[in-house]
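2 protein chains.
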Amino acid sequence: MTRVRLALVQVNPVVGDLDGNAERIRRILDKVDGCDLAVFGEMALTGYPLEDLVLKPGFVADSRAALEKVAGASDDCTLIVGFADGDEDVVYNAVAVCQGGRLHGVYRKRHLPNLEVFDEVRHFSPGVDPLVLYRIGGVRVGLAICEDLWAPDGPVKALVAGGAELVAVANGSPFHRGKQTERESVVVANATSSGRPLAYVNLVGGQDELVFDGGSILADPSGRIVARAPRFDEAVVIVDIDVPDVPEAETDLQVVEVSEPRPRDDHRVATPVAILDPLAELYQALVTATGDYVRKSGFTDVSLGLSGGIDSALVATVAADALGASHVHAVLMPSRYSSDHSVVDAQELATNLGISTLTVPIESAHTALGSELVSAIAGTLTRVADENLQARIRGVILMSLANTFDWLVLTTGNKSEAAVGYSTLYGDTVGAYAPIKDVYKTVVYELARWRNERDGAPVVPVSIVEKAPSAELRPNQRDDDSLPRYEVLDPLLEAYIEGDRTRVELVSDGFDAGLVEEVVRLVDRAEFKRRQNPPGVRVTQKGFGRDRRLPLVNRYRG
Amino acid sequence: MTRVRLALVQVNPVVGDLDGNAERIRRILDKVDGCDLAVFGEMALTGYPLEDLVLKPGFVADSRAALEKVAGASDDCTLIVGFADGDEDVVYNAVAVCQGGRLHGVYRKRHLPNLEVFDEVRHFSPGVDPLVLYRIGGVRVGLAICEDLWAPDGPVKALVAGGAELVAVANGSPFHRGKQTERESVVVANATSSGRPLAYVNLVGGQDELVFDGGSILADPSGRIVARAPRFDEAVVIVDIDVPDVPEAETDLQVVEVSEPRPRDDHRVATPVAILDPLAELYQALVTATGDYVRKSGFTDVSLGLSGGIDSALVATVAADALGASHVHAVLMPSRYSSDHSVVDAQELATNLGISTLTVPIESAHTALGSELVSAIAGTLTRVADENLQARIRGVILMSLANTFDWLVLTTGNKSEAAVGYSTLYGDTVGAYAPIKDVYKTVVYELARWRNERDGAPVVPVSIVEKAPSAELRPNQRDDDSLPRYEVLDPLLEAYIEGDRTRVELVSDGFDAGLVEEVVRLVDRAEFKRRQNPPGVRVTQKGFGRDRRLPLVNRYRG
Numbered sequence: 063m064t065r066v067r068l069a070l071v072q073v074n075p076v077v078g079d080l081d082g083n084a085e086r087i088r089r090i091l092d093k094v095d096g097c098d099l100a101v102f103g104e105m106a107l108t109g110y111p112l113e114d115l116v117l118k119p120g121f122v123a124d125s126r127a128a129l130e131k132v133a134g135a136s137d138d139c140t141l142i143v144g145f146a147d148g149d150e151d152v153v154y155n156a157v158a159v160c161q162g163g164r165l166h167g168v169y170r171k172r173h174l175p176n177l178e179v180f181d182e183v184r185h186f187s188p189g190v191d192p193l194v195l196y197r198i199g200g201v202r203v204g205l206a207i208c209e210d211l212w213a214p215d216g217p218v219k220a221l222v223a224g225g226a227e228l229v230a231v232a233n234g235s236p237f238h239r240g241k242q243t244e245r246e247s248v249v250v251a252n253a254t255s256s257g258r259p260l261a262y263v264n265l266v267g268g269q270d271e272l273v274f275d276g277g278s279i280l281a282d283p284s285g286r287i288v289a290r291a292p293r294f295d296e297a298v299v300i301v302d303i304d305v306p307d308v309p310e311a312e313t314d315l316q317v318v319e320v321s322e323p324r325p326r327d328d329h330r331v332a333t334p335v336a337i338l339d340p341l342a343e344l345y346q347a348l349v350t351a352t353g354d355y356v357r358k359s360g361f362t363d364v365s366l367g368l369s370g371g372i373d374s375a376l377v378a379t380v381a382a383d384a385l386g387a388s389h390v391h392a393v394l395m396p397s398r399y400s401s402d403h404s405v406v407d408a409q410e411l412a413t414n415l416g417i418s419t420l421t422v423p424i425e426s427a428h429t430a431l432g433s434e435l436v437s438a439i440a441g442t443l444t445r446v447a448d449e450n451l452q453a454r455i456r457g458v459i460l461m462s463l464a465n466t467f468d469w470l471v472l473t474t475g476n477k478s479e480a481a482v483g484y485s486t487l488y489g490d491t492v493g494a495y496a497p498i499k500d501v502y503k504t505v506v507y508e509l510a511r512w513r514n515e516r517d518g519a520p521v522v523p524v525s526i527v528e529k530a531p532s533a534e535l536r537p538n539q540r541d542d543d544s545l546p547r548y549e550v551l552d553p554l555l556e557a558y559i560e561g562d563r564t565r566v567e568l569v570s571d572g573f574d575a576g577l578v579e580e581v582v583r584l585v586d587r588a589e590f591k592r593r594q595n596p597p598g599v600r601v602t603q604k605g606f607g608r609d610r611r612l613p614l615v616n617r618y619r620g
Numbered sequence: 063m064t065r066v067r068l069a070l071v072q073v074n075p076v077v078g079d080l081d082g083n084a085e086r087i088r089r090i091l092d093k094v095d096g097c098d099l100a101v102f103g104e105m106a107l108t109g110y111p112l113e114d115l116v117l118k119p120g121f122v123a124d125s126r127a128a129l130e131k132v133a134g135a136s137d138d139c140t141l142i143v144g145f146a147d148g149d150e151d152v153v154y155n156a157v158a159v160c161q162g163g164r165l166h167g168v169y170r171k172r173h174l175p176n177l178e179v180f181d182e183v184r185h186f187s188p189g190v191d192p193l194v195l196y197r198i199g200g201v202r203v204g205l206a207i208c209e210d211l212w213a214p215d216g217p218v219k220a221l222v223a224g225g226a227e228l229v230a231v232a233n234g235s236p237f238h239r240g241k242q243t244e245r246e247s248v249v250v251a252n253a254t255s256s257g258r259p260l261a262y263v264n265l266v267g268g269q270d271e272l273v274f275d276g277g278s279i280l281a282d283p284s285g286r287i288v289a290r291a292p293r294f295d296e297a298v299v300i301v302d303i304d305v306p307d308v309p310e311a312e313t314d315l316q317v318v319e320v321s322e323p324r325p326r327d328d329h330r331v332a333t334p335v336a337i338l339d340p341l342a343e344l345y346q347a348l349v350t351a352t353g354d355y356v357r358k359s360g361f362t363d364v365s366l367g368l369s370g371g372i373d374s375a376l377v378a379t380v381a382a383d384a385l386g387a388s389h390v391h392a393v394l395m396p397s398r399y400s401s402d403h404s405v406v407d408a409q410e411l412a413t414n415l416g417i418s419t420l421t422v423p424i425e426s427a428h429t430a431l432g433s434e435l436v437s438a439i440a441g442t443l444t445r446v447a448d449e450n451l452q453a454r455i456r457g458v459i460l461m462s463l464a465n466t467f468d469w470l471v472l473t474t475g476n477k478s479e480a481a482v483g484y485s486t487l488y489g490d491t492v493g494a495y496a497p498i499k500d501v502y503k504t505v506v507y508e509l510a511r512w513r514n515e516r517d518g519a520p521v522v523p524v525s526i527v528e529k530a531p532s533a534e535l536r537p538n539q540r541d542d543d544s545l546p547r548y549e550v551l552d553p554l555l556e557a558y559i560e561g562d563r564t565r566v567e568l569v570s571d572g573f574d575a576g577l578v579e580e581v582v583r584l585v586d587r588a589e590f591k592r593r594q595n596p597p598g599v600r601v602t603q604k605g606f607g608r609d610r611r612l613p614l615v616n617r618y619r620g
């Protein structure tokens, strides 16, 4: 039994910011001083995912150069740091073993996910070097990267069979609802079946449509989780683990000598952070992703159209939680069809949150544009054209203010609307980031209620949560004039989108045949709108983005 | 020597339209009656690329069922037809051998491209069945699909070594500038090195951002191209080829017996269609892609903003050539800054093309929106905000008319503008399809001049071709106030985008260091705009779309 002091280092790198990320790693060196081993997340030095940046040979060379500097700065504690390795011809997703000012070795990811949001076969070559173990703090450590742990024929089994006493896995595992449970069961299953402690370190923070939720853990061979880092926050969790010795005779992999065991007087334990409930983790995912998108893009302030409806109310709340109320600017754009209660509700929400409001009525622009159009065509606009006109005037106003004040516009559409195309392209879809684009309408309500209950005092006025949803683009309009009720719609959308079911299968699943026909038609037909929608955080296993790459011209009606 | 009658069948399928594509194939059966072998393009039955449609098990089942029907309809002539093969667990990109009312076998693509615009590792499993030959018209035929021919370790060599006397390759090879030359050299090199005739059949037509340009060929073992189908058009090219016999003793692959040689009195030759010059093929690519996107989306008519500048002039001309002048609707939206000559030039172009025009001045909306905004913020709009406001009002007008008349809006931006972000999101970028989004500005001029010379009488007024480019969003504005001249800008953009060069490399390539700094900054910063731009035809090897997947949050400044 050898006691090893391990640091799970959960960082939030910025993609492409090699200097900044290296500096972030260097600042952590003091914190992990005295540990045997500090494990960082996948690609902690470069940010992740890099996408086609890795196809640029100059970037890969810069990544390697940055890694050399990190290695040079390393001290007694061994750092396991992810980076992009390779040269002009071949690139690897890799982790480096850095200690005592030098690079002791590199492990290259063998199993490259090329599904869902991942395109790693496009970007990397699989590692094929013989497996190696690193003796760190006197213990033989086997390394792996993310998908390597999940692949049935992954290297973890071979590392253990070859004599690894401890396994450390660097991950860039994005959030979706329920992901932490899946992750922990895989880690625990590996630790118990191998009889070796397993350290699983994830990234944290938002990167475009993905949000990495941390939740790094250390599982002991009995399957007990002896450390769990917080979700969604940077953290350095230091914990001692007693590693059962495996006789040298059972080792048949090359062992690279890195560091000896160090005697210590104290024993560090790390009480695992509690698991978050499903709505809490979802809400935090939206907050983290939105805040990081704004900050990492170099902005401080955001704006959004506040209609008095539930979607914009939730987005405003998320934004205020992410950036601080003083950085959120609500724009009220009433029309001839806006109800009084909408304006009152919007104002009440703004007051509750402490965010500023600005009111720009759309009436004069609606009249001016409407009459120019009517006179140009010597006829009348269709009802849809007139409704869209109002939404687009609002889009223009939001963008004009954003251009003037250097605000980043948040889009307030939800997944149910995006699915059926219940939105106006260049109207309510304008914006740089869409915090709830992957959240179904029924879940929007759940989140608003959850957030209201969280602090005791409701933030989102009860009348917003309870009134019937309406776009207010004509008198007395209600969403359920043109759509099924969301309680009926959302389960069907989920089966069609996440479940990839055909119409026939949906009917045999028990959905109403007429409803299936109508909803599938709406979803298919709205693909062109979704293609031009802004990015937003993915929180399901199939967001509208890199997860679901459908052709625009597509006549399949199965 | 056995004489075989071969049909190169160049079809334009619609993605997902299994019934329609099957009907298209059946209608060709009469034309190929009397041939030994009719070779269709890749995925001719399903359309290509299918993208995530193939992840839907129901679609793959439907593809197989449609294939069974095609096989059932086959007669003496053997059909080689591409389809999606597989089941719930595994999907293949395949071609079927259909003859005499039944299916004789299936070849599954072994080499799956997963680069540039292709994601085939995401969608398909590679074929691993033992190679087989099919005796068709008495000749042993080896089959392959697209990338199989280009891969250095592809199956063509093994098929030939195993006794194939003729090789037939089904392709879905999208156009980019210069592609036909590359293709023909690969086909000729394979035919001469193997000593076997090689039939190369491509698809034709537009599918979202891709355009398949046909140009199917048959090369004989001496490397002579004995048939070449037209570019960009559907065609059935029938040609007899004398296939040198390879002794049965040299065959070690399984041979599936399909059909006997047929005695014929006549000898069909097919004079190869001439090669297109580079601007002619580029122009035709734009016309085909635009026309197909509109038609395949179920629209007949398009509209666009006609400014009097070169970009919208070229797009209007492409649209008129693609859809007929009566289906193109030009919208003139003059502002207080529009020069008289712009309006005159736009009108002259419309007259030359025979397209209708509609004029909607933006002044009253600009005034109404501008004053509402100014009074709401109690200040003035920035210059950029005011310029964008005008562009966005135009976007709103275009969309209102399109909503009213069921037109599809064409976007007129070029690649140089998209690269440096010289555009207004939700303004001049609105639209469903962008015909010249992958054409640099200098090439826009070349194309306009080429099109003017093509028919003798200039279509694009000379003053449009010769005046200095301007967005006309403020008095006397010229593009080169804020950008380098396009003759200087475009080569740098091409090196940075297509060449993936870093700043340091660009300077060492001879570009001015200050210019490099400025242009790279502009290109990187405009990624968020490009992400929300409409699709448009890809004509280079790196379009802004699936070819170049860069993160939005990306601080790499190499």
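Residue numbers (the numbering used here), protein chains in the order written: chain A, 63 to 620; chain B, 63 to 620. Ideal Cβ placement from N, Cα and C applies to all residues, glycine included.
Neighbour flag for residue i against chain A, beta carbons, 8 Å
i: B:Arg-610; result: yes
i: B:Ala-447; result: yes
i: B:Asp-79; result: yes
Buried or exposed by the 16-neighbour rule on C-beta atoms within 10 Å, applied to residue i
i: A:Ala-427; result: buried
i: A:Met-105; result: buried
i: B:Pro-339; result: Rather than Pro, the amino acid found at residue 339 of chain B in this sequence is Asp. When all chains shown are included, B:Asp-339 counts as exposed.
Neighbour list for residue i in chain A, Cβ cutoff strictly below 7 Å
i: B:Phe-461; result: Note that residue 461 of chain B is Met in the sequence shown, not Phe. Correct list: Asn-450, Arg-454 and Tyr-488.
i: B:Glu-479; result: Simply none; closest approach about 17 Å.
Neighbour flag for residue i against chain B, beta carbons, 8 Å
i: A:Pro-531; result: no
i: A:Phe-590; result: yes
i: A:Arg-398; result: no
i: A:Gln-594; result: yes
i: A:Val-422; result: yes
Neighbouring residues, chain B, relative to residue i (Cβ below 7 Å)
i: A:Val-183; result: Asn-176 and Val-183
i: A:Asp-363; result: Here the premise fails: no neighbours, minimum Cβ distance about 14 Å.
Bridge-paired residues (DSSP) for residue i
i: A:Leu-228; result: A:Val-203
i: B:Cys-160; result: B:Leu-141 and B:Leu-165
i: A:Ile-621; result: The structure shown does not extend to residue 621 of chain A, since chain A is modelled only from 63 to 620, so the question has no answer here.
i: B:Asn-33; result: The structure shown does not extend to residue 33 of chain B, since chain B is modelled only from 63 through 620, so no value can be given for it.
i: A:Gly-268; result: A:Val-273
i: B:Tyr-495; result: B:Leu-472
Within chain B, the residues that residue i reaches when beta carbons sit closer than 8 Å
i: A:Ala-213; result: Chain B residues near A:Ala-213: none, gap ~15 Å exceeds 8 Å.
Partner residues on chain A for residue i, Cβ-Cβ distance less than 8 Å
i: B:Gln-269; result: Pro-613 and Val-615
i: B:Ile-115; result: It is worth fixing the name first, because residue 115 of chain B is Leu in this sequence and not Ile. Those are Leu-612, Pro-613, Asn-616 and Tyr-618, listed as they occur along chain A.
Within 8 Å, do at least three Cβ pairs link the stretch 93-103 of chain B to the stretch 138-148 of chain B?
The way I'd put it, the stretch 138-148 of chain B does touch the stretch 93-103 of chain B; three or more beta-carbon pairs between them come closer than 8 Å.
Below 8 Å, how does it come out for the stretch 453-466 of chain B and the stretch 463-473 of chain A: are there three or more Cβ pairs, yes or no?
No, because fewer than three Cβ pairs between the stretch 453-466 of chain B and the stretch 463-473 of chain A fall closer than 8 Å, the two stretches do not touch.
Quick test of the definition: if touching needs 3 or more C-beta pairs under 8 Å, does the stretch 508-519 of chain A touch the stretch 390-404 of chain A?
Flag = no, the stretch 508-519 of chain A and the stretch 390-404 of chain A do not touch.
Decide if the stretch 361-375 of chain A is in contact with the stretch 309-323 of chain A; the criterion is three or more beta carbon pairs, one per stretch, under 8 Å apart.
The stretch 361-375 of chain A, when compared against the stretch 309-323 of chain A, does not touch it at the 8 Å Cβ threshold.
Would the stretch 195-214 of chain B and the stretch 161-178 of chain B be scored as touching if the rule is three or more Cβ pairs under 8 Å?
Yes, they touch.
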